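**Q** Pasting in a structure now, in structure tokens, and then I'll have a few things to ask.
In the working numbering, the protein residues as written are 1470 to 1685.
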């Protein structure tokens, strides 16, 4: 092998190793938050790395570099979702859509009763096996998700110092937050997983009131 070719290959391997070591976990988690399938997320990580090596972009700083990589991963993930939706039937999405239309009214009323006080539904969207409803109002937001299966569908991989559980009807709700104030609730009914994430923190009693309203 010629020295210049060998040096070029070594440089590419070095760049690839740097990206994987520095950002690999973040890219993988970000892709998984879209796809909810680890195999697909690993493919996106690989494709993001290939895109980086092919284009060889120059960045102003580490933050710019990470933002570029996550943006590429997001675009590739969305493309994968479109591809998957074309390959599979629409039966599950139609079922989710029907369920979400039925659930929208009481979820909306329950959320409106809390300090979040959103004024309107921002959008309802369906991706692959995930349905999402986003609410907004007075600079505050709430996101309700439902997905097939029992894995966490929140897409939230932050580290919280306070995690607790409580019973609401027949389900067990896991709350995540800090110092007795919680922004994320996760639960499953055995067939679907659910999550509600809020921009503002709520106390345990407020979350219990919300979940009891939804489950009643």
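Cβ coordinates follow ideal geometry from the N, Cα and C atoms, glycine included. Given the structure is predicted, the values throughout are model-derived calculations rather than measurements.
How would you label residue 1632, buried or exposed, when you count the other beta carbons within 10 angstroms and need 16 or more for buried?
**A** When all chains shown are included, residue 1632 counts as exposed.
**Q** Among 1638, 1619 and 1613, whose alpha-carbon lies nearest the alpha-carbon of residue 1654?
**A** Taking only the C-alpha atoms, the option nearest residue 1654 is 1613.
**Q** Rounding to the nearest angstrom, what Cα-Cα distance links residue 1484 and residue 1679 in this structure?
**A** Looking at the two C-alpha atoms, the distance is approximately 48 Å.
**Q** For residue 1618, does the three-state DSSP call read helix, strand or coil?
**A** Residue state, collapsed to three classes: coil.
**Q** Taking DSSP as the reference, what is the three-state secondary structure of residue 1679?
**A** Looking at residue 1679 - three-state DSSP - the assignment turns out to be helix.
**Q** Residue 1654 by DSSP, collapsed to three states: which one?
**A** Residue 1654: strand per DSSP, three-state reduction.
**Q** Report the rounded CA-to-CA distance for residue 1669 versus residue 1676, giving the unit in angstroms.
**A** When rounded, the distance between both Cα atoms is 12 Å.
**Q** Given this structure, state the Cα-to-Cα distance separating residue 1561 from residue 1505, to the nearest angstrom.
**A** Unreliable placement is indicated for residue 1561, whose pLDDT of 49 sits below 50; the coordinate value is still reported in the next sentence. C-alpha separation (whole angstroms): 15 Å.
**Q** Taking the alpha carbon of residue 1520 as the point to measure from, which residue in 1502, 1501 and 1545 has its own alpha carbon closest?
**A** The residue with the shortest Cα to Cα distance from residue 1520 is 1545.
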